[in-house]
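Remarks on the structure that follows.
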Amino acid sequence: MRGFGFAEHGGPDRARFVDIAEPVPGPGEIRIRLRAASFNHLDLFTLAGIPGVSIERPHVLGSDGAGSVDRLGDGVTGRRTGDRVLINPGLWDGTCDACRKGEEAYCRNYRILGEHTQGSTTEFAVVPARNVHPLPERMSFEEGAAAPLVFQTAWRALRTVGSLRAGETCAIVGAGGGVATAAVQVAKLTGARVVVTTRSQAKAERARRLGADEVLVTGPDRPADRALWQWSEKRGVDVIFDSVGAPSLPLSLRALARGGRVVVIGATAGAELSIDVRTLFWRQASIRGSTMAHASEFEAVLDELARGRLSPVVDSTFPYEEAPQALARLSSPELFGKVVVRLPPAA
Ligand SMILES: [Zn+2]
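Read left to right, the sequence shown gives residues 350 to 696 (my numbering).
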């Protein structure tokens, strides 16, 4: 079958349509006929080649997908052919100590669909039945494909790892990425006062409409740390959600309140930095890392999606043939939300 991915690692110009074998569901697995997929920055890292991760090539990109149940492996119950579903892209083994405690994101063999395995930008995906969830009725396939990775990431990072509580202040660094649009909503739902920093006036407007209490447009004359410090009336911010990495993390640390937490969920603009360690103990601050989510956290996200209290922001939707343009859109300075690829229905 045809999929969109790559045969050789490299930049976005290496991405192309490839042929891979049609997957067959084993015991306990379900095959999904995909109707929509979405891209994340992870896809660009996978395409470039992640140190320590070796994958089969050609490789199909895409961690997020929604579609209909196509075929059930032996022993699968509770799902029927044709059911509208979405996929939880976090893959755990279900057998290690962490999994037995319900801490699936700590699984020793944790993998992500489309990073370690063939992805969702194709006709069929096979995943364990426990990764297949009913698509809430109010959601289209495109929305179903836009939600899973970013909302579980934002949920766990803010609520569990960041210990964000109602009444606290929460800053989201950067407004345009899919995960930032999810984080604004999760932080508001938690009852926090939410501030977003962005360099773009246009994105500031959209972040406000999404529910941010304040948006600070930053730039060379107004760095994010100073803007946040002023906004918080020199108290600092309780939780800062940072996916940018090296350029922003030192600023985030300087903008923290006493006892504040920076939660790092990505490093889209650089991975190595030096920090002033004194900031950590003076402020009694923490830097915490978070990735993906436990199964129970994913269930909580699904519940909020079904109730309409969380809703994915779709930046743009591309037809399958334009998957290369969709992937390129991830790097656009105008990006606001998720980039979705619509997949053709069964021939
Ligand atoms: Zn495990």
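Ideal Cβ placement from N, Cα and C applies to all residues, glycine included.
Check your understanding: Considering only residues of the stretch 421-483, which uninterrupted beta strand (DSSP E) runs meet the minimum length of 3 residues and lie entirely inside it, listed in chain order?
Key -> 433-436, 473-477, 481-483
Check your understanding: My guess is that Ala454 and Arg505 are in contact by the Cβ rule of under 8 Å, so how many angstroms apart are they, rounded?
Key -> Position 105 of the sequence shown, counted from the first residue, corresponds to residue 454. Position 156 of the sequence shown, counted from the first residue, corresponds to residue 505. Yes, they are in contact, since the Cβ atoms of Ala454 and Arg505 sit about 7 Å apart, within 8 Å.
Check your understanding: When you compare only the Cα positions, how much space is there between Phe590 and Ala520?
Key -> The residue labelled residue 590 in the question sits at position 241 within the sequence shown. The residue labelled residue 520 in the question sits at position 171 within the sequence shown. If you take the alpha carbons of Phe590 and Ala520, they lie about 6 Å apart.
Review point. Would you say the stretch 368-379 touches the stretch 412-426, given that touching needs at least three Cβ pairs under 8 Å?
Key: yes
Exercise for review: Could you tell me whether any non-hydrogen atom of ligand 1 is closer than 7 Å to the CB of Arg504?
Suggested key: The sequence position of residue 504 within the sequence shown is 155, counting from 1. Correcting the residue identity first, residue 504 is Trp in this sequence and not Arg. Trp504 Cβ: outside cutoff for every heavy atom of ligand 1.
**Study point:** Closer than 5 Å to ligand 1: residues, by C-beta to nearest heavy atom, in chain order
**Key:** Trp441, Asp442, Cys445, Cys448, Cys456
Point to revise | Terminal residues of the beta strand (DSSP E) in which Val543 lies | key: As a first step, residue 543 is located in the sequence shown; it is residue number 194 there, counting from the start. That run of the beta strand (DSSP E) goes 542-547.
Practice item. Report yes or no: do the stretch 610-622 and the stretch 631-640 share at least 3 C-beta pairs separated by less than 8 Å? Key: yes
Review point. To the nearest whole angstrom, what separates the beta carbons of Ala447 and Arg433, a pair I think is in contact under 8 Å?
Key: Along the sequence shown, one-based indexing puts residue 447 at 98. Along the sequence shown, one-based indexing puts residue 433 at 84. Rounded, the Cβ-Cβ distance is 31 Å, inconsistent with contact.
Review point. In three-state terms, what does DSSP make of Asp570?
Key: In the sequence shown, the residue the question calls residue 570 occupies position 221. Coil.
Exercise for review: May I ask you to list the residues that DSSP assigns as paired with Gly416?
Suggested key: Start at 1 with the first residue of the sequence shown, and residue 416 comes out as number 67. BP columns for Gly416 point to Leu383, Val434.
Check your understanding: Are Met350 and Ile461 closer than 8 Å when you measure CB to CB?
Key -> Translated into the one-based positions of the sequence shown, residue 350 becomes position 1. Translated into the one-based positions of the sequence shown, residue 461 becomes position 112. Result no, Cβ atoms of Met350 and Ile461 do not sit closer than 8 Å.
Review point. To the nearest whole angstrom, what separates the beta carbons of Asp574 and Leu538, a pair I think is in contact under 8 Å?
Key: Residue numbering aside, residue 574 sits at position 225 when the sequence shown is read from its first letter. Residue numbering aside, residue 538 sits at position 189 when the sequence shown is read from its first letter. Their Cβ separation, rounded to whole angstroms, is 26 Å, which puts Asp574 and Leu538 out of contact at 8 Å.
**Study point:** First through last residue of the alpha helix (DSSP H) which encompasses Ser601
**Key:** The residue you call residue 601 lines up with position 252 of the sequence shown. Where Ser601 is concerned, the enclosing alpha helix (DSSP H) stretches over 598-603.
Review point. Hey, would you say the C-beta of Gly493 is under 7 Å away from at least one heavy atom of ligand 2?
Key: By its list of ligands, the structure shown excludes ligand 2, since it contains just ligand 1.
Exercise for review: May I have the straight-line CA-CA distance separating Leu629 from Gly511, to the nearest angstrom?
Suggested key: Within the sequence shown, the letter at position 280 stands for residue 629. Within the sequence shown, the letter at position 162 stands for residue 511. Computed Cα separation, rounded: 16 Å.
Exercise for review: Please say whether Glu554 and Ala595 have beta carbons closer to each other than 8 Å?
Suggested key: Counted from its first residue, the sequence shown places residue 595 at position 246. Counted from its first residue, the sequence shown places residue 554 at position 205. No.
Practice item. Classify His390 as helix, strand or coil using the three-state DSSP reduction. Key: Position 41 of the sequence shown, counting from 1, holds the residue named residue 390. Residue state, collapsed to three classes: helix.
Review point. Since Phe490 is in the alpha helix (DSSP H), which residue starts that stretch and which ends it?
Key: Mapped onto the sequence shown, residue 490 falls at position 141. Taken as a continuous stretch (DSSP letters only), the alpha helix (DSSP H) holding Phe490 covers 490-495.
Review point. Cα-Cα, which of Arg365, Val663, Gly359 is closest to Phe353?
Key: Numbered from 1 along the sequence shown, position 4 holds the residue referred to as residue 353. Comparing Cα-Cα distances from Phe353 to each of Arg365, Val663, Gly359, the minimum goes to Arg365.
Exercise for review: May I ask you to report which of helix, strand or coil DSSP gives Glu378?
Suggested key: On the sequence shown, position 29 is the one that residue 378 refers to. DSSP places Glu378 in strand when its eight states are reduced to three.
Review point. Across which residues does DSSP place Phe647 in a beta bridge pair?
Key: Here residue 647 is taken as the residue at index 298 of the sequence shown, counted from 1. Answer is none; Phe647 lacks a bridge partner.
Point to revise | Neighbourhood of Ala616 by C-beta distance below 7 Å, restricted to the same chain and skipping five residues each side | key: The sequence position of residue 616 within the sequence shown is 267, counting from 1. Excluding sequence neighbours, Ala616 sits near Gly594, Ala595.
Practice item. Round the Cβ separation of Asp392 and Ala494 to the nearest angstrom and send it over; I've been treating them as touching at under 8 Å. Key: The residue labelled residue 392 in the question sits at position 43 within the sequence shown. The residue labelled residue 494 in the question sits at position 145 within the sequence shown. About 13 Å; that fails the 8 Å criterion.
Review point. Just the Cα atoms here: how many angstroms apart are Val475 and Ser469?
Key: Indexing the sequence shown from 1 puts residue 475 at position 126. Indexing the sequence shown from 1 puts residue 469 at position 120. For Val475 and Ser469, the distance between alpha carbons rounds to 9 Å.
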